[in-house]
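The next block holds one structure in the form of structure tokens; read it before the comments.
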Amino acid sequence: MTVSVVLYTSDLRVHDHPPLRAALDGAQEVVPVFVRDPAVDRAGFAAPNRLAFLADCLADLDRGLTERGGRLVVREGDTVAEVLTLVRQTEADEVHMAAGVTAFAAAREARLRKVLEDDGRRLYVHDGVVTVVPPGDVVPQGSDHFAVFTPYYRRWSDQPPRTPLQAPRTLRVPPGVRSDRVPRRSDVADVSPALVAGGESEARKRLGSWLSDHGDAYEDRHDDLAGDATSRLSPYLHFGAVSAAEAVHRARRRGGAGADAFVRQLCWRDFHHQVLAARPEAAAEDYRTRPGGWRTGADAEADLAAWREGRTGYPVVDAAMRQLAHEGWMHNRGRLITASFLAKTLCVDWREGARHFLGLLVDGDVANNQLNWQWVAGTGTDTRPNRVLNPVAQGRRHDPDGAYVRRWVPELAGLDGPAVHEPWKLTGPDRAALDYPEPLIGLADGLDRFRQIRGIG
Ligand SMILES: Cc1cc2nc3c(=O)[nH]c(=O)nc-3n(C[C@H](O)[C@H](O)[C@H](O)COP(=O)(O)OP(=O)(O)OC[C@H]3O[C@@H](n4cnc5c(N)ncnc54)[C@H](O)[C@@H]3O)c2cc1C
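With our numbering applied, the sequence shown covers 7 to 463.
Pasting the structure below:
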């Protein structure tokens, strides 16, 4: 019997899975394995919401493989050491895995390749599993990545699409392969109360129902905070429970302005991945340096704490921060508003905000989180690095009736309509009755301070 190992990382599915397909094409038996590696936790990728969601994904992947005659093997330890033990035990010749984009993934891949080759075996790393277009496949002349989205999007859209692969009908795992217990969501403490369920089955259901029920309206409604009409596929995409290439394929097949706008957002995901693959240091360092620094000291710490807790005195900022804590997810418009508020109105280092987001977001992703933070902070790829979002104007525009704020900030639930965005305008007993803070800083003062720090005239 020939045996191949499929090493699962951020690609927890059986549909449209090139490594699984290649392993099955080349061997009679496969060992699908996921390694719970403490180094991933130490690198800061593991947070309770993501661990809980991961447990759902692994349980569902195990079900998907079991239905096809296989099962998922789970191991705990150093990924490279565990895979080496497994290939020796099963006499596997090949290991197949998806290419990653982080420095962590690149280092793991290099170590694994060396150890396997020294042992007379081969590692196959498959592109186009995590992203639609592999990082580096489209580049501008004279550079290793695109630094501006629009030209990237044009070239990305012209790439020949890959037809999604069917899930295998059957597979065989060699007998006697030991597995640790598949983790359970209930093993994880401190999970956000309204965290969604993970897993490929849920992801596929959601993709299908969202495209048919909301896909057409996406272009018009994607910024509607209260309407909550975006796909909410981000955590499933982050864990690879659904393939981005398949999501694009199905949206294009449906067609229309809504589907096009959705595909464009998926292109943003690829865009940030190709930036990070070329500039792994951008996970922590400014992609572009800007004049001025960040506020530090006790006042800045106090502002940061108020931002984290959703008590900045700006209702739409506070609503979004509380949504994040409760659901482990935040609407994209909320992410833009809260990030701009921290980095530009409070002038606090984007890294502090990115760290807080990564601690809670179920879709928390180094490429998307860090590079979106940098985009908003003006240290990244935004071609207008000094734009500042006004949280009152943003609230009035994207939550015109104030329903989003009332949903998440119960202290303001008694205020009708858009007045909820400016509670400081209340006077007398109405104001006194509100248990809600005054704004941390006036918006005009915040803008002056930002301009001074950045040296803008
Ligand atoms: C400060 C900040 C931090 C962010 N952190 C993350 C993160 O850690 N992980 C993450 O997946 N997204 C992140 N985003 C991007 C975006 O907010 C989320 O992908 C989106 O809100 C997820 O909701 P959805 O699935 O309903 O998106 P939809 O609107 O339905 O979009 C479909 C998919 O497109 C992708 N997408 C949409 N917008 C973006 C974007 N701006 N950048 C990259 N991909 C995008 C996502 O995979 C998303 O699931 C961040 C944005 C900002 C401004």
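The C-beta atom is built at its ideal place from N, Cα and C for all residues, glycine as well.
Cβ-heavy atom distance between residue i and ligand 1 below 7 Å?
| i | result |
| --- | --- |
| ASP369 | yes |
| TRP271 | Residue identity check: residue 271 is Gln in the sequence provided, not Trp. Checking the Cβ of GLN271 against ligand 1 gives yes. |
| ASN375 | yes |
| HIS337 | yes |
| LEU239 | yes |
| HIS244 | yes |
| PHE40 | no |
| ASN392 | no |
| ALA313 | In the sequence under discussion, the amino acid at residue 313 is Trp, which differs from the Ala named in the question. Every heavy atom of ligand 1 is 7 Å or more from the Cβ of TRP313, so no. |
| HIS255 | no |
| ASN378 | yes |
| ALA450 | no |
| HIS228 | yes |
| PHE363 | yes |
| ALA49 | no |
| ARG212 | no |
| ALA284 | no |
| PHE59 | no |
| LEU348 | no |
| LEU352 | no |
| ALA345 | yes |
| PHE268 | yes |
| HIS278 | yes |
| LEU138 | A small correction: the amino acid at residue 138 is Val; Leu does not occupy that position in the sequence shown. No, the beta carbon of VAL138 sits no closer than 7 Å to any heavy atom of ligand 1. |
| ARG260 | no |
| LEU342 | yes |
| THR236 | yes |
| VAL135 | no |
| TRP274 | yes |
| VAL46 | no |
| VAL2 | Nothing in the structure corresponds to residue 2, since the chain is present only between 7 and 463. |
| VAL382 | yes |
Since residue i is in the alpha helix (DSSP H), which residue starts that stretch and which ends it?
| i | result |
| --- | --- |
| ARG161 | 155-163 |
| SER346 | 338-346 |
| ARG210 | 206-219 |
| HIS244 | 240-244 |
| THR108 | Run containing THR108: none; DSSP gives neither H nor E here. |
| CYS63 | 54-73 |
| CYS273 | 263-284 |
| ARG328 | 321-333 |
| TRP300 | TRP300 -> no alpha helix (DSSP H), and no H or E assigned at all. |
| GLN458 | 449-460 |
| ASP436 | 434-438 |
| GLU225 | 224-227 |
| THR236 | Looking at the DSSP string, THR236 is not in any alpha helix (DSSP H), and its letter there is neither H nor E. |
| ALA360 | 356-366 |
| ARG403 | 397-404 |
| GLY50 | Here GLY50 belongs to no alpha helix (DSSP H), and DSSP marks it neither H nor E. |
Terminal residues of the continuous beta strand (DSSP E) containing residue i?
| i | result |
| --- | --- |
| SER249 | Per DSSP, SER249 belongs to no beta strand (DSSP E) and is neither H nor E. |
| ALA104 | 100-104 |
| PHE40 | 35-42 |
| GLU82 | 79-82 |
| ARG128 | 128-132 |
| TYR14 | 9-14 |
Would you please state the rounded distance, in angstroms, between the beta carbons of residue i and residue j? I believe it to be under 8 Å.
| i | j | result |
| --- | --- | --- |
| VAL269 | ARG258 | 6 Å |
| ARG168 | ALA251 | 5 Å |
| LEU201 | ALA58 | 6 Å |
| TYR293 | THR389 | Contact flag wrong, Cβ pair sits at about 13 Å. |
| THR108 | ALA289 | 7 Å |
| SER16 | VAL136 | 6 Å |
| GLY461 | PRO297 | 5 Å |
| THR8 | ALA28 | Actually they do not touch by this definition, with Cβ atoms about 13 Å apart. |
Quick one: does the C-beta of residue i sit closer than 7 Å to a heavy atom of ligand 2?
| i | result |
| --- | --- |
| VAL154 | Among the ligands in the structure shown, ligand 2 does not appear; only ligand 1 can be found there. |
Discussion item. For the structure I just gave you, are there three or more beta carbon pairs, one from the segment 19-28 and one from the segment 167-174, closer than 8 Å?
Written reply: Between the segment 19-28 and the segment 167-174, the count of Cβ pairs shorter than 8 Å is three or higher; the stretches touch.
Worksheet item: Taking one C-beta from the segment 316-331 and one from the segment 402-421 each time, how about it: are there three or more such pairs within less than 8 Å?
Response: yes
Practice prompt. Could you tell me whether the segment 329-347 touches the segment 376-385, using the rule of 3 or more Cβ pairs below 8 Å?
Written response: Yes, they touch.
Worksheet item: Do the segment 72-79 and the segment 30-43 meet, that is, are 3 or more Cβ pairs less than 8 Å apart?
Response: yes
Discussion item. Quick check: the segment 174-194 against the segment 48-68, are at least 3 beta-carbon pairs closer than 8 Å?
Written reply: yes
Fill in: Touching by the beta-carbon criterion (3+ pairs, under 8 Å), the segment 394-402 and the segment 203-220
no
Item to complete: Decide yes or no for the touch test of the segment 43-55 against the segment 141-153: beta carbon pairs closer than 8 Å, at least 3 of them.
Response: Counting Cβ pairs under 8 Å, fewer than three are found: no touch.
Worksheet item: Is it true that the segment 204-216 meets the segment 228-247, where meeting means three or more beta-carbon pairs spaced less than 8 Å apart?
Response: In short, these stretches touch, since the Cβ pair count reaches three.
Discussion item. Does the segment 346-353 come into contact with the segment 446-454, if we say contact requires no fewer than three beta-carbon pairs (one atom in each stretch) closer than 8 Å?
Written reply: They touch, by the three-pair rule.
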